[in-house]
Amino acid sequence: MLITCPYCGPRDVIEFTYQGDGNRQRPQPASQDLDAWNAYVYDRLNPAGDHNEIWQHSGGCRSHLRVVRNTITHEILSTAFARGGHKSADNRAEGRS
Amino acid sequence: MAEYSAFSLLKNALAGNKDWKPAWRKPDPKASYDVIVIGGGGHGLSTAYYLAKEHGITNVAVLEKGWLGSGNVGRNTTAVRSNYLLPQNTRFYEHSMKLWENLSHDLNYNVMFSQRGCLNLAHTPAQLDDYARRGNAMRHLGVDAELMSVEQIKRLVPALDVSGSARFPVLGGLMQPRAGTARHDAVAWGYARGADRRGVDIIENCEVTGFLRDGGRVTGVSTTRGEIRAKKVALAVAGSTGHVMQLAGISHMPIESHVLQAFVSESLKPVIDTVLTFGMGHFYISQSDKGGLVYGGDLDGYNSYAQRGSLPIVDEVMSEMLALFPGLARVRMLRSWGGLCDMTMDGSPIITTGPLPGMYLNCGWCYGGFKATPASGWCFAYTIAKDEPHEFNAPFTLDRFYRGLIIDDKGQGANPRLH
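Protein sequence lines correspond, in order, to chains A and B.
The numbering used here puts the first sequence at residues 7 to 103.
The numbering used here puts the second sequence at residues 6 to 424.
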């Protein structure tokens with residue numbers, strides 16, 4: 007499986023660390039909303055199909071990435087920086103920002 | 006119906022084996038049943054078997070989307086053990102072990118249960134202390150466990166590198182002598198025949214595509230072979246739990262589906278007479294009755310519904326095998342396969358009524374569903390028949406996460422891919 011890092015380009019999956027489901031929303035630290043905490047810690051969407059997930063390029067530039075991947079075919083549909091949306095892998099030709 | 010006895014074996018041997026009957030019928034689905042079990046794997050089939058045998062509920066259909074034994078029951082490394090630390094797990098898996106010990110007799114079907122023992126290797130003093138603690142916890146609940154010295158391990162597994170120069174020197178280990186292996190396909194076929202002969206309809210190539218509802222209550226399923234109604238609908242679909250629950254309108258579960266690979270080598274003369282697990286990584290190995298080494302390691306590590314694995318794990322598993330058995334370096338790998346594990350957040354299963362009215366749920370077996378097959382079906386049948394859990398599966402609820410009653414044998418927290 008190849009994952010295209012927005013900085014480094016296409017790299018083998020062994021350079022990356024899986025950080026899990028990218029749909030989860032962490033409640034504010036002071037929140038006492040038990041349902042929200044339970045959903046954050048334990049609940050997963052776990053779809054058979056396109057899955058929004060977080061990976062870290064731990065063996066490369068160490069960026070955290072948001073990856074959309076198909077869990078049946080393992081096709082990578084898109085990659086982008088996890089935070090800020092600076093740039094996605096699809097417009098790498100425009101150079102570094 | 007096929008019956009097996011010394012007489013039938015002799016008669017068929019002399020008659021050219023032309024007189025064997027199919028082990029189970031191929032019925033068309035009826036319009037309705039008392040109970041529908043979704044999933045014709047080990048757990049679904051054993052559930053149907055114990056529903057009929059223990060509770061007299063025989064108007065049952067088992068719906069399998071593929072052919073019998075095409076899922077996880079045929080995609081594992083056949084190990085059977087009950088060496089857990091926490092009492093909830095120990096009681097449940099020891100109940101399973103006791104059912105295993107009588108299973109061939111009970112089913113009149115040789116599941117080739119072989120109590121060759123399961124040895125967990127320790128590589129640090131702390132790990133050895135931890136195993137001593139676990140062994141004491143097991144013996145406290147009446148389960149067999151023995152702490153083994155390096156000398157004993159060396160005699161038991163001569164091929165193992167126990168020298169001080171090993172990459173991870175062996176300091177001892179915890180042995181459960183009553184653990185072992187069983188022939189996984191025979192388990193599926195034995196339960197299928199046992200359920201079928203008690204009247205259960207086993208319907209293959211019948212995929213569930215949706216749930217029939219009456220108000221909030223589940224009243225049946227729509228399938229690729231038409232609508233089938235039932236008073237009770239039970240799910241035992243292992244790695245596909247997330248997908249099937251979404252068909253029922255439940256989008257979030259405390260589960261992730263991951264792929265776990267296993268491997269078989271070419272056949273060798275006997276080299277390992279036990280099930281062995283590696284304490285410094287995640288690796289387990291045994292030798293099949295045909296001579297092939299059967300071994301596996303970690304999950305691939307990311308959500309997957311593909312019943313195949315990836316090369317990085319192949320590389321890792323082989324490295325771990327060679328750290329233990331340098332002498333096996335030139336043994337050739339024959340084949341590999343992947344199975345789907347529905348990993349829960351605490352590493353323990355879910356066997357429960359609900360979560361919808363009319364529905365019953367059996368899932369979350371993580372790496373270890375095969376050894377649980379008899380007790381899983383036994384407890385699930387009890388739960389379905391009586392609408393309440395047996396004391397053995399009472400702790401394995403779906404809401405235990407919310408209520409803070411997790412059963413975390415490995416102490417690895419809410420990170421499913423670590424269990």
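We treat Cβ as the ideally placed atom computed from N, Cα and C, and that holds for glycine.
Note that the coordinates shown come from a computational prediction; the quantities given were computed from them, not determined experimentally.
{"Asked": "Between Ile-207(B) and Leu-73(B), how many whole angstroms is the CB-CB distance? I'm expecting something under 8 angstroms.", "Found": "7 angstroms"}
{"Asked": "At a Cβ cut of 8 angstroms, what residues of the stretch 348-370 of chain B count as close to chain A, listed as they run along the chain?", "Found": "Met-350"}
{"Asked": "For the beta strand (DSSP E) containing Ala-66(B), name the first residue and the last one.", "Found": "65-68"}
{"Asked": "Applying the 10 Å Cβ sphere with the 16-neighbour rule, what's the burial state of Lys-70(B)?", "Found": "buried"}
{"Asked": "With distances taken Cα to Cα, identify the nearest neighbour of Pro-400(B) among Ile-355(B), Tyr-365(B), Asn-107(B), Lys-391(B).", "Found": "Ile-355(B)"}
{"Asked": "What three-state label does DSSP hand His-257(B) in the structure shown?", "Found": "coil"}
{"Asked": "Examine chain B for any beta-carbon lying closer than 8 angstroms to the beta-carbon of Glu-59(A), and answer yes or no.", "Found": "yes"}
{"Asked": "Using a C-beta cutoff of 8 angstroms, does Tyr-307(B) count as contacting chain A?", "Found": "yes"}
{"Asked": "Under 7 angstroms Cβ-Cβ, which residues of chain A neighbour Ile-412(B)?", "Found": "What Ile-412(B) touches in chain A: nothing, since even the nearest Cβ is about 13 angstroms away."}
{"Asked": "Can you name the residues of chain A whose CB is closer than 9 angstroms to the CB of Phe-406(B)?", "Found": "Asn-44, Val-47, Tyr-48, Asp-49"}
{"Asked": "Which two residues bound the contiguous beta strand (DSSP E) that contains Arg-234(B)?", "Found": "231-240"}
{"Asked": "Could one say the Cβ of Thr-85(A) lies closer than 8 angstroms to chain B's Cβ atoms, at least one of them?", "Found": "no"}
{"Asked": "By the criterion of Cβ-Cβ separation under 7 angstroms, what are the contact partners of Pro-317(B) in chain A?", "Found": "Val-19, Ile-20"}
{"Asked": "Nearest chain B C-beta to Thr-10(A) closer than 8 angstroms, yes or no?", "Found": "no"}
{"Asked": "What does the Cβ neighbour count give for Gly-199(B), buried or exposed, with the cut at 16 atoms within 10 Å?", "Found": "buried"}
{"Asked": "Within the continuous beta strand (DSSP E) that includes Leu-339(B), where are the two ends?", "Found": "338-349"}
{"Asked": "Just tell me which of His-263(B), Gly-185(B), Asn-17(B) has its CA closest to the CA of Thr-77(A).", "Found": "His-263(B)"}
{"Asked": "Could you confirm whether any beta carbon from chain A is found closer than 8 angstroms to the beta carbon of His-287(B)?", "Found": "no"}
{"Asked": "Which of the three DSSP states is assigned to Gly-28(A) in this structure?", "Found": "coil"}
{"Asked": "Using a beta-carbon distance below 8 angstroms, is Glu-261(B) in contact with chain A?", "Found": "yes"}
{"Asked": "Specify, as a first and last residue, the run of the alpha helix (DSSP H) that Thr-129(B) falls within.", "Found": "It is not in any alpha helix (DSSP H) - Thr-129(B) carries neither H nor E in the DSSP assignment."}
{"Asked": "Mind checking if Gly-247(B) is an interface residue toward chain A, Cβ cutoff 8 angstroms exclusive?", "Found": "yes"}
{"Asked": "Mark Leu-104(B) as exposed unless 16 or more other C-beta atoms lie within 10 angstroms of its C-beta, in which case mark it buried.", "Found": "buried"}
{"Asked": "Give the interface partners of Tyr-24(A) over in chain B, defined as CB-CB distance under 8 angstroms, in chain order.", "Found": "Gly-306, Tyr-307, Arg-422"}
{"Asked": "Please list the partners that Arg-311(B) has in chain A, where partner means a Cβ-to-Cβ separation under 8 angstroms.", "Found": "As written in the sequence, residue 311(B) is Ala, which differs from the Arg given in the question. Chain A residues near Ala-311(B): Thr-77, Ile-78, Thr-79, His-80."}
{"Asked": "Could you name the residues that DSSP lists as bridge partners for Ser-272(B)?", "Found": "Gly-297(B)"}
{"Asked": "Quick one: is Thr-129(B) buried, meaning 16 or more other Cβ sit within 10 Å of its Cβ, or exposed?", "Found": "exposed"}
{"Asked": "For the candidate residues Glu-81(A), Arg-68(A), Ser-84(A), Asn-52(A), whose alpha-carbon lies nearest to that of Asn-29(A)?", "Found": "Asn-52(A)"}
{"Asked": "Bridge partners of His-100(B), per DSSP?", "Found": "According to DSSP, His-100(B) bridges with nothing at all."}
{"Asked": "Please identify the residue among Tyr-98(B), Pro-32(B), Ala-386(B), Gly-61(B) whose C-alpha is closest to the C-alpha of Phe-375(B).", "Found": "Tyr-98(B)"}
{"Asked": "Would you give the residue range spanned by the alpha helix (DSSP H) that Gln-251(B) belongs to?", "Found": "246-252"}
{"Asked": "Using a Cβ distance threshold of 8 angstroms, determine whether the stretch 265-280 of chain B contacts the stretch 294-310 of chain B, with at least three qualifying pairs required.", "Found": "yes"}
{"Asked": "Would you say Ala-386(B) lies against chain A (beta-carbon separation less than 8 angstroms)?", "Found": "no"}
{"Asked": "How about the stretch 353-367 of chain B and the stretch 239-251 of chain B: do they share at least three Cβ pairs that are nearer than 8 angstroms?", "Found": "yes"}
{"Asked": "In whole angstroms, give me the CA-to-CA distance for His-63(A) and Ala-380(B).", "Found": "42 angstroms"}
{"Asked": "Less than 6 angstroms between C-beta atoms, sequence neighbours within five positions excluded: which residues of the same chain meet that for Thr-279(B)?", "Found": "Arg-121, Gly-122, Leu-124"}
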